[in-house]
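To keep things clear, I will list the structure first and then write my remarks on it.
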């Protein structure tokens, strides 16, 4: 039985009141991930129920049954690697990221959307004078609503609230940012009640990344170097806030989604959804006022200002932020970048899922003269509609290029395998015990041999490695030492580090620089990324040992032993990755970084400080000790966990990695060697969820320029329900396609879909009290489509 990780990257668009639909989608993704994670925990506990696992909701149980049904063909683990969102999608991405990072429910956020996402609760309070003047125009507003909008707005509740909304403050944003912040704080804090901080849905050794787009109204001045003039400056208004959580080891989650991080998460939600004209711009001062009124602390405030916004107290007071969709409504690029460097613990099926509530529908091309748009239509389109419909073709084209490169790289590795195995076999002894000293000596000999056989190609390889190391060091030092204009400081440091490295190679006696003591010592002391690539490549090799052919007479693999060995390898990857984290270093390094950043780049003292910094970092990283630990791991732990042939194959991958790195790193130019898997793209929208699709179906939130759901509770309930149903339909399809469409007979697929749909209806029937007719209609629809399986699903 093969083991497959279905790894998801999520992109959530902006869409104003369609946020409620996207919340339904988010809940269903969380249900699937939780069902998969808890199922994996029970397997690792030999069938015993984990101590923290409560009774699962019906929909989670339905997903687990589907995964169990597929297990004879493939044991599937569903993991979310990255989430990116803008505006309404950004708010939901933040909620989902926190829920996954700490295995938290989203019930409090469902309550927030259904109860509070209403114009009568979002609206800012008006003073008596404003209300008096606007009452005088009520008859005119009533006439407008009853005549011009009667065809679009037939519901009495919606028409009444629309009239109230039109009486709100003129020439002032009608919605209250402070109210929204308060509701988000309450919902986020309620998530963690009676939950252990040690819980997580992130697999051990893995990381979840979240990206949220916001627009800096004031912008930050960027300097771009030219030939003549020396530079130009421009204003950069695009900001991408990032949060991450790493499951570093058992009972330890390094997280930016914990309770202390709630204020910055809520600020990000407030800023990314600050729709121009509806909400006032978001500010740090506004966030401070709300927290002060609630007598709550913002523990990470200064760190967040510096890390995420590159501001301090003084500059933050001069910046305000508006909706992330203004500059980036479809944030594919951040997740595409991060998932390229994301390792997997098993054979991987990687999917990029994007949620588009209102996909473009085909319309026949209009003939004749096109009417020119009017004054206000042009302004509205320029400010809202056009930015929110930016093309995604460039991002997906880049993804397709990455897929072609992955296919080519996989073939390259397969072609190189026999050559490398032959070269390593001549170095690795077969007649004596494999000790750590033997592994260390063979590893060094194989690397020298690989570099000697590379010829002039070594020049390109070495240059790329040194440049990558210079980039890493410049970023690390800038994080500690730069007080302002970090981008400019980082560029200066990059040039200084790289020029210093080039000076070492130019002084080499070897024309190719392969054996120069200075360069060798530099890379042995600082080249963390080479070691990470090596371990991830070995993990890729180890994943092959999980495969089992039932028709063979060989015993099945000991997956528990393989898991333990892989856990040890991931711990080593974590130890190495920790060297690039700011918290790894102490005050002495911080002082050195400040001194280096403060010096004139052209001065002799700066060159001396640079050399001192390199020596200091090399000593603090202690990579020689980690090399020794890894040699012991491959000699002893791997020897005890694997049979003789597997152990030798793993040693060949570890010892011979220099050969592979020479031919792959110039192509990849990134650290994750193991990811040579294609990334397939799937969409979640009402149009794509075909199992329950009926002609004429439309989300209520699309009405009133996508503000519709804010005017009617029943509309919110309708869109939330269909967000869950659409997502469930698409997720079942994605799971099946990851294993193979013909893995299950059709009647079992139908039964699985019916059970998930009916479970969702069962969970929501009491909560969605305003749409009983819609619940009954969908229930009847499911039973009509799957008449032979609906009753079976109920009785399972």
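Numbering (my numbering), first residue to last: 2 to 797.
The beta carbon of each residue, even a glycine, is placed where N, CA and C say it ideally should be.
Keep in mind that this is a model prediction, so the values were computed, not measured.
Express the C-alpha separation of residue j and residue i in angstroms, rounding to a whole number.
i, j, result
"residue 420", "residue 661", "10 Å"
"residue 109", "residue 28", "12 Å"
"residue 769", "residue 716", "11 Å"
"residue 653", "residue 5", "25 Å"
"residue 431", "residue 649", "9 Å"
"residue 623", "residue 255", "22 Å"
"residue 572", "residue 630", "11 Å"
"residue 597", "residue 494", "9 Å"
"residue 680", "residue 735", "13 Å"
"residue 404", "residue 79", "21 Å"
"residue 176", "residue 280", "5 Å"
"residue 583", "residue 492", "19 Å"
"residue 762", "residue 747", "23 Å"
"residue 359", "residue 780", "24 Å"
"residue 702", "residue 19", "5 Å"
"residue 248", "residue 657", "30 Å"
"residue 773", "residue 760", "16 Å"
"residue 308", "residue 479", "11 Å"
"residue 528", "residue 628", "12 Å"
Is it right to say residue i is buried, meaning 16 or more other beta carbons lie within 10 angstroms of its own, or is it exposed?
i, result
"residue 723", "buried"
"residue 151", "Its pLDDT being 46, under 50, residue 151 is placed unreliably by the model, and the measurement read from it follows with that caveat. Looking at its Cβ environment, which holds fewer than 16 other Cβ atoms inside 10 Å, residue 151 is exposed."
"residue 291", "buried"
"residue 415", "exposed"
"residue 230", "exposed"
"residue 296", "exposed"
"residue 632", "buried"
"residue 694", "exposed"
"residue 697", "exposed"
"residue 590", "buried"
"residue 318", "exposed"
"residue 463", "buried"
"residue 138", "In this predicted model, residue 138 has a pLDDT of only 40, less than 50, meaning its place in the structure is not dependable enough to derive any value."
"residue 676", "Caution applies to residue 676, whose pLDDT of 49 falls short of 50 and renders its modelled position unreliable; the value that the coordinates give is listed next. Buried."
"residue 299", "buried"
"residue 210", "buried"
Output yes or no for whether 8 Å exceeds the beta carbon distance between residue i and residue j.
i, j, result
"residue 94", "residue 14", "no"
"residue 64", "residue 33", "yes"
"residue 180", "residue 82", "no"
"residue 692", "residue 754", "yes"
"residue 201", "residue 104", "yes"
"residue 498", "residue 469", "no"
"residue 332", "residue 214", "yes"
"residue 277", "residue 327", "yes"
"residue 338", "residue 711", "no"
"residue 354", "residue 11", "yes"
"residue 428", "residue 447", "yes"
"residue 41", "residue 203", "no"
"residue 70", "residue 617", "no"
"residue 450", "residue 417", "no"
"residue 115", "residue 765", "no"
"residue 568", "residue 205", "yes"
"residue 330", "residue 88", "yes"
"residue 505", "residue 519", "yes"
"residue 663", "residue 458", "yes"
Just to check my reading of the structure: residue i and residue j have Cβ atoms closer than 8 Å, yes? What is that Cβ distance to the nearest angstrom?
i, j, result
"residue 647", "residue 546", "6 Å"
"residue 729", "residue 708", "In fact, because the Cβ distance is near 27 Å, the residues do not count as touching under 8 Å."
"residue 798", "residue 324", "Absent from the structure is residue 798, since the part of the chain shown begins at 2 and ends at 797."
"residue 283", "residue 258", "That pair is no contact at about 20 Å."
"residue 570", "residue 615", "Contact doesn't hold; Cβ gap of about 28 Å is too wide."
"residue 26", "residue 212", "Actually they do not touch by this definition, with Cβ atoms about 18 Å apart."
"residue 737", "residue 745", "7 Å"
"residue 260", "residue 188", "Contact flag wrong, Cβ pair sits at about 13 Å."
"residue 586", "residue 621", "6 Å"
"residue 21", "residue 626", "Rounded, the Cβ-Cβ distance is 53 Å, inconsistent with contact."
"residue 452", "residue 471", "Contact flag wrong, Cβ pair sits at about 20 Å."
"residue 667", "residue 536", "Not confirmed; about 20 Å, so no contact."
Inset, instruction - Answer yes if the stretch 235-246 comes into contact with the stretch 255-267, meaning at least three C-beta pairs across the two stretches below 8 Å, and no otherwise. - result: yes
Legend entry - Inter-stretch contact at 8 Å, needing at least 3 Cβ pairs: the stretch 684-698 / the stretch 433-452: The count of Cβ pairs closer than 8 Å, one atom from the stretch 684-698 and one from the stretch 433-452, stays below three, leaving the stretches out of contact.
Inset, instruction - Report yes or no: do three or more beta-carbon pairs, one from the stretch 574-582 and one from the stretch 523-542, lie closer than 8 Å? - result: yes
Inset, instruction - Count the CB pairs spanning the stretch 559-571 and the stretch 602-612 that are closer than 8 Å, and state whether there are at least three. - result: no
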